[in-house]
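This report concerns only the one structure given below.
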Amino acid sequence: MDSGMRKLSVLAKLSRHRKISAPEIQQQLMDEGEEVSLRTVQRDLVELASKFPVCSDESKPIGWHLKKDAELTLPDYDLTTAITFTMADKYLSNLLPPVMRERLDPYIRTANQFLVTENRKPQSQWPQKIIVHTKGQPLHTSDISAETIEAIYASLFSAMCLRITYKSLTKNEENDFIFHPYGIVVRSERSYLVGKYDGYDDIRSLLLSRVIKAEQTKREADIDSDFSLSNYVENGNMGVIRSGHKLAIKLWITPILAEILTETPLSKDQVISPKEDDFVLTASVDDTDELRHWIFSMCNHATVLSPETLRKEIKDILVTSISYYED
């Protein structure tokens with residue numbers, strides 16, 4: 001790292017609200033792969049104090065910080081900041097309102113350029129060492145117009161109602177309505193807008209790919225103060241609940257699935273017991289479509305023993321499916 005870039009990295013580590021010593025700054029730089037002496041850091045701080053609103057106290061070791069009233073927009077790119085912006089662009093860009101993404105673009109470009117200059121350091125390769133891979137057959141995301149997405153995010157951001165034109169999957173018709181947006185849930189390639197229809201109290205979710213058109217209105221959205229999007233998801237609402245109670249399931253499972261479910265249980269009360277050459281699992285789970293999808297995906301490794309209603313439902317669907325393969 002050249003001296004100019006190093007000084008910017010030192011400046012980026014200074015805060016208006018917390019003091020930091022030269023040895024602490026040196027350690028942070030070394031953690032990022034920059035070999036630098038304490039004396040060099042001290043000289044950098046003195047030089048920065050002559051050009052920027054940087055000050056120090058008389059404690060030992062000396063604490064450095066930005067002046068509280070400093071009107072300073074820092075080109076604050078050290079290795080940690082650059083990696084953070086790069087990772088955010090990689091995994092969070094689709095979760096941010098378009099207006100916020102546009103404001104982040106200059107920072108992301110600078111971060112990418114910074115990592116190119118720091119390419120010789122192992123730490124700069126971190127974004128290439130982390131990949132989030134979703135399970136299951138990959139599906140392409142639906143095409144949604146930029147205007148529609150912008151209107152939805154803008155309404156969420158400002159807590160305003162949306163005027164939506166929506167295509168029903170079952171009725172194959174378009175409906176127009178006012179919607180009070182509460183939040184967005186992203187599930188792999190599908191995104192859902194959670195909220196409520198105007199004039200109704202129950203919370204619903206709309207698949208964004210079926211939104212034909214969306215316009216922000218000037219009417220404030222009626223947001224329930226006690227609503228929590230995380231609780232809504234954790235309570236199974238995105239899994240298409242079949243009933244409002246838990247299912248006490250009992251499954252016959254193979255050894256390989258037993259090992260997988262020991263590592264990643266179906267529930268906190270899950271119990272796996274050996275039986276002959278295989279295993280029997282009991283667990284309390286939500287009665288959802290997601291449960292059924294999982295059972296079908298594991299049909300070579302899991303058999304429903306109880307409850308009888310679920311066993312019959314799975315069996316009937318499998319029998320019907322087999323008939324499609326008969327010559």
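Heads up: the sequence shown begins at 1 in the UniProt record's numbering, then just goes up one per residue. Where a beta carbon is used, it is the ideal one built from N, C-alpha and C, also for glycine.
### D289 versus G199: straight-line alpha-carbon distance, rounded
For the purposes of this step, residue 289 is taken as the residue at position 289 of the sequence shown. For the purposes of this step, residue 199 is taken as the residue at position 199 of the sequence shown. The straight-line gap from Cα to Cα measures roughly 28 Å.
### Query
In the structure shown, what three-state DSSP assignment does S188 receive?
Along the sequence shown, one-based indexing puts residue 188 at 188. If DSSP states are grouped into helix, strand and coil, S188 belongs with coil.
### Query
Helix, strand or coil for F279 per DSSP?
Residue mapping note: residue 279 aligns to position 279 of the sequence shown, counting from 1. Strand.
### Query
What does C55 pair with, by DSSP beta-bridge criteria?
Taking the first residue of the sequence shown as position 1, residue 55 is located at position 55. H65, per the DSSP bridge assignment.
### Task
Could you tell me how far apart the beta carbons of Q216 and S155 are, in whole angstroms, since I believe they sit closer than 8 Å?
What you label residue 216 is simply residue 216 of the sequence shown in a count that begins at 1. What you label residue 155 is simply residue 155 of the sequence shown in a count that begins at 1. About 5 Å separates the Cβ atoms of Q216 and S155, confirming a contact at the 8 Å cut-off.
### Query
Helix, strand or coil: how does DSSP classify G236 here?
Here residue 236 is taken as the residue at index 236 of the sequence shown, counted from 1. In the structure shown, G236 sits in coil (DSSP, three-state: anything other than H, G, I, E or B).
#### Entry: Min CB distance R101 to chain C below 9 Å
Absent from the structure: chain C. Only one protein chain is present.
### Message
Run through the DSSP bridge pairs and tell me what L247 is partnered with.
### Response
Within the sequence shown, residue 247 is the residue found at index 247, counting from 1. Paired residues: V285.
### Query
Taking S306 as the reference, which of I178, L281, K121 has the closest Cα?
By 1-based counting over the sequence shown, the position of residue 306 is 306. The shortest C-alpha to C-alpha distance from S306 to any of I178, L281, K121 is the one to L281.
### Task
Could you name the residues of the same chain whose beta carbon sits closer than 6 Å to that of R39, not counting the 5 residues immediately before and after it, in chain order?
Taking the first residue of the sequence shown as 1, we reach residue 39 at position 39. Once the five neighbours on either side are set aside, R39 has no close Cβ partner at all.
#### Entry: Sequence-distant residues of the same chain with beta carbon closer than 8 Å to T73, five excluded per side
As a working mapping, residue 73 is identified with position 73 in the sequence shown. Confidence in T73 is poor, its pLDDT being 49 and thus under 50, which makes the residue's placement too unreliable to answer from.
### Message
Quick check on H293: does DSSP put it in helix, strand or coil?
### Response
Your numbering for residue 293 matches position 293 in the sequence shown. In the structure shown, H293 sits in a helix (DSSP, three-state: H, G or I).
### Query
Hey, which unbroken runs of the beta strand (DSSP E) at 3 residues or more fall wholly within the region 178-226?
190-197, 204-207, 211-220
#### Entry: Neighbourhood of F279 by C-beta distance below 6 Å, restricted to the same chain and skipping five residues each side
Reading the sequence shown from its first residue, position 279 is the one you call residue 279. Counting only Cβ-Cβ distances below 6 Å, and skipping sequence neighbours, we find I253, A258, I272.
### Task
Indicate whether the contact test is met: 3 or more Cβ pairs, each with one atom in the region 78-94 and one in the region 120-136, closer than 8 Å.
yes
### Query
Which class does N175 belong to by DSSP, given the choice of helix, strand or coil?
Start at 1 with the first residue of the sequence shown, and residue 175 comes out as number 175. If DSSP states are grouped into helix, strand and coil, N175 belongs with the strands.
### Message
By the DSSP assignment, the alpha helix (DSSP H) with I322 in it spans what residues?
### Response
Reading the sequence shown from its first residue, position 322 is the one you call residue 322. Its alpha helix (DSSP H) spans residues 308-323.
### Task
Tell me R163's beta-bridge partners as DSSP assigns them.
As a working note, residue 163 is residue 163 in the sequence shown. Answer by DSSP bridge pairing, in chain order: I178, E215.
### Message
Between which two residues does the alpha helix (DSSP H) holding D143 run?
### Response
What you label residue 143 is simply residue 143 of the sequence shown in a count that begins at 1. Premise fails: D143 is in no alpha helix (DSSP H) and is neither H nor E.
### Message
Can you find the residues in the same chain that come closer than 6 Å, C-beta to C-beta, to R16, ignoring five residues on each side of it along the sequence?
### Response
Translated into the one-based positions of the sequence shown, residue 16 becomes position 16. Result list for R16: L66, K68, in chain order.
#### Entry: Burial state of D78, where buried means 16 or more other Cβ atoms lie within 10 Å
Within the sequence shown, numbered from 1, the residue matching residue 78 stands at position 78. Result: buried.
### Message
At the level of alpha carbons, what is the spacing between T320 and T170?
### Response
Looking up residue 320 in the sequence shown gives position 320. Looking up residue 170 in the sequence shown gives position 170. Straight-line Cα distance between these residues: approximately 22 Å.
### Query
Who pairs with A302 in a beta bridge, going by DSSP?
As a working mapping, residue 302 is identified with position 302 in the sequence shown. Its beta-bridge partners are I253.
### Query
Who are the Cβ neighbours of R6 in its own chain at under 6 Å, not counting the five residues just before and after it?
Taking the first residue of the sequence shown as 1, we reach residue 6 at position 6. Closer than 6 Å at Cβ, skipping near neighbours: no residue.
### Task
Measure the C-alpha to C-alpha separation of I108 and E32 and round it to an integer number of angstroms.
Mapped onto the sequence shown, residue 108 falls at position 108. Mapped onto the sequence shown, residue 32 falls at position 32. Their backbone Cα atoms lie some 19 Å apart in a straight line.
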